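Here the UniProt record's numbering is used: the sequence shown runs in plain steps of one and ends on residue 363. Have a look at the structure below before the remarks.
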Amino acid sequence: MLSHRERVLKALNHEEPDRVPLDEPPWRLDVWISLKNYLRVDDDEKVRKFLGVDFRHLSVGVSEEFKKKAVFVYPFGYFKIVEEGLLEDEWGIRYCVASNGWYNKIGYHPLANAVVGDIDSYEFPSLDVAGRFEEAEKRARMFKDVYVLESFMEQTLFEWAWHLRGFNKFILGLYRNEKFVNKLLNRLMKYRIDMGKRFIDIGVDIIRLGDDVGMQTDMIIQPHMWRKYFKPRMKKIIDTLKNYSQNSIYIFYHSDGYIEPIIPDLIEIGVQILNPIQPECTNPVEIKRRYGDKIVLHGTISVQRTLPFGTVEDVRKEVISRIVECGKNGGLIIALAHTPQPDMPLENIITIYETAQKFCVRV
């Protein structure tokens with residue numbers, strides 16, 4: 001039986017491990033608490049060990065200075081409360097909380113009315129403050145020898161740019177205000193490179209990059225626009241971090257939805273792991289057939305149909321099908337294709353992990 005770390009590295013190198021590696025999604029706090037209660041455990045690590053998760057995640061923390069001005073708003077995290085139902089994060093982005101308390105949406109963009117000259121004066125949250133990396137360093141020391149470590153740097157360029165600018169203004173700027181867009185993206189690119197170097201120094205194995213540029217059946221922005229603005233900057237981030245790490249890291253790329261037109265581009269610029277391969281938008285079997293010797297498929301389990309609406313047996317069949325059709329010769333990591341929501345049956349979530357732990361990848 002392989003260790004967690006050995007199992008993942010075999011799959012990443014397109015070799016068949018003893019079983020398909022398992023990863024966890026970015027959990028909502030309310031779902032995570034429900035899962036702990038369901039399993040009758042009071043420790044986060046006990047849940048991960050029960051599920052057989054082979055990875056451990058490292059994130060950028062909220063600064064201690066910001067925490068002094070903020071409160072913990074369940075289930076979202078630390079925010080300043082501007083007024084009832086309106087929250088502000090470290091970037092000055094404001095969020096409106098839905099009436100049921102489950103979700104929030106952006107209601108204010110700090111660069112919405114900015115001009116090019118304002119970009120340099122807008123302060124990004126400093127990486128050199130207490131609270132930013134201490135927890136990541138602690139987790140790295142705890143887990144490095146046993147698990148593969150992933151660092152979260154998703155929402156790398158596109159998403160964070162429109163969060164700051166506003167979606168409509170940013171998209172319009174791609175065509176009518178290139179100077180503003182280029183300057184903002186260049187600042188974000190440098191920020192992500194600096195962040196990635198910190199994670200490499202801590203000892204991560206995988207850098208998780210990405211932006212949601214896909215919809216259900218098409219891309220949010222046309223492929224030629226992605227190639228114009230985002231491909232060269234992603235390449236710069238990847239090349240710089242791989243050189244900095246002496247090629248000891250793997251590059252992970254996340255985008256929800258349909259992004260098939262740019263998969264060859266992602267492979268070209270050095271992406272090795274693609275997530276989440278949403279089965280409603282993209283056929284995992286076809287992606288495995290076309291690109292399975294070049295990228296690792298990560299995710300693939302439906303959170304739009306099977307998890308919320310299927311039976312335990314439906315979930316079991318989907319997991320086994322995915323392993324049989326996509327797991328041969330390694331290159332597959334099973335995980336939920338997105339964050340599970342509070343109304344999803346916990347039995348279905350658990351069935352994913354129980355099934356994958358019992359079913360041998362060799363077919």
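Idealized CB from N, CA, C, for every residue including glycine. Please read all numbers here as calculations on a predicted model, not as lab measurements.
Original post:
How many angstroms separate the CA atom of G77 from the CA atom of D89?
Top reply: 9 Å
Original post:
Alpha carbon to alpha carbon, how far is V285 from L332?
Top reply: 11 Å
Subject >> Candidates K179, V146 and R141, of which the one nearest I119 by Cα >> reply: K179
Subject >> Member of W32, N37, P110 and I220 whose CA lies at the smallest distance from the CA of P75 >> reply: W32
**OP:** Using the DSSP secondary-structure output, state which residues sit across from Y95 in a beta bridge.
**Re:** L87 and I106
Original post:
For Y258, which residues of its own chain have a beta-carbon under 7 Å away from its beta-carbon, when the five flanking residues on both sides are left out?
Top reply: G214, M215, Q216, T217, D218, M219, C281 and T282
**OP:** For the stretch 54-62 and the stretch 132-146, state whether three or more C-beta atom pairs, one from each stretch, are separated by less than 8 Å.
**Re:** yes
Original post:
Quick one, which of Y229, I295 and Y250 has its alpha-carbon nearest I267's?
Top reply: I295
**OP:** Quick one: residues in its chain with C-beta nearer than 6 Å to the C-beta of E15, no 5 flanking neighbours on either side, listed in chain order?
**Re:** G330
Subject >> Residue nearest to E135 in terms of C-alpha spacing, selected from V62, W102 and W162 >> reply: V62
Subject >> Whole-Å CB distance - M234 paired with L209, under 8 Å assumed >> reply: 7 Å
Original post:
Per DSSP, A70 is paired with what?
Top reply: None, per the DSSP bridge assignment.
Original post:
Relative to the alpha-carbon of M153, which residue among E45, N177, P110 and I200 has its alpha-carbon at the smallest distance?
Top reply: I200
Original post:
Using the rule of at least 16 other Cβ atoms within 10 Å of the residue's Cβ for burial, across every protein chain shown, is P264 buried or exposed?
Top reply: exposed
Original post:
Are the CB atoms of Y95 and F72 nearer to each other than 9 Å?
Top reply: no
**OP:** Give the C-beta separation of A335 and G299 to the nearest angstrom, bearing in mind that I take them to be a contact with Cβ-Cβ under 8 Å.
**Re:** 5 Å
Subject >> Nearest residue (CA-CA) to K317, options V115, V53, A356 and W27 >> reply: A356
Original post:
Between which two residues does the alpha helix (DSSP H) harbouring residue 422 extend?
Top reply: Because the chain is modelled from 1 through 363, residue 422 falls outside the range shown and cannot be assessed.
**OP:** Please work out which residues of its chain come closer than 6 Å, Cβ to Cβ, to P21, disregarding the five sequence neighbours upstream and downstream, and give them in chain order.
**Re:** R7, V8, A11, D54 and I333
Subject >> Element boundaries [alpha helix (DSSP H), containing T300] >> reply: T300 -> not in any alpha helix (DSSP H); beta strand (DSSP E) instead, spanning V296 to I301.
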